[in-house]
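Chemist: Okay, handing you the structure first.
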Amino acid sequence: MLTVTRADVKRKLRLTTNAYDAEIDALIAEMLPALRYAIEPSYLSTSDTDLLATLNLGALEIIAGEMHATLARELGALAGFRLGWLQVAPLPPRDPADPSRLKAQGYARMKPFLKRDAQLLFLYKPREEADE
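Each residue of the sequence shown is one higher than the one before, counting from 152 in our numbering.
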């Protein structure tokens, strides 16, 4: 059985406040059944604790990665500041859907255990810049 807790997601994202608890809980409730459904049932019912730990870690990484992408889309998340000659601005993420690469890491970890036709990962490919 897959289990992901709010405390684990907060630990993975290094969140220390309770400001996003409701969003994290909603995300877990929304994503965990879909992840569970995509895994081959024989792997979910195994008594191998290491396999279950691997599946739980993959699910945690996917959910934490989705929460990180949500936080990155918040207004002002990519805002910088300027103080005299000093300008500080974050680089925009290479993959807006997975800025931390946690989702891709979780999907790669779970891939060998997914049902044959399970397609969970949306791959974002930035447009190639034309050589000039």
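Glycine included, every Cβ here is placed at the ideal spot set by N, Cα and C. Since we're looking at a predicted model, the values are computed, not measured.
Drop a sphere of 10 angstroms on the beta-carbon of residue 235, count the other beta-carbons inside from all chains shown, and report buried for 16 or more, exposed for fewer.
Modeler: By the neighbour-count rule (16 or more Cβ atoms within 10 Å), residue 235 is not buried but exposed.
Chemist: When the Cα of residue 247 is compared with those of 219, 262, 263 and 259, which residue comes out closest?
Modeler: If we check each option's Cα against that of residue 247, 219 comes out closest.
Chemist: Exposed or buried, what is residue 258 when buried is set at 16 or more other beta-carbons lying within 10 Å of its beta-carbon?
Modeler: With 16 or more Cβ atoms within 10 Å of its Cβ, residue 258 is classed as buried.
Chemist: Within the same chain, show all residues whose beta-carbon is closer than 6 Å to that of residue 283, passing over the 5 residues directly before and after it, in chain order.
Modeler: Model confidence at residue 283 stands at a pLDDT of 47, short of 50, so the residue's coordinates are unreliable and nothing is read from them.
Chemist: Using the beta-carbon count (16 or more within 10 Å), is residue 217 buried or exposed?
Modeler: When all chains shown are included, residue 217 counts as buried.
Chemist: Which word fits residue 261, buried or exposed, when buried means at least 16 other C-beta atoms lie within 10 angstroms of its C-beta?
Modeler: With 16 or more Cβ atoms within 10 Å of its Cβ, residue 261 is classed as buried.
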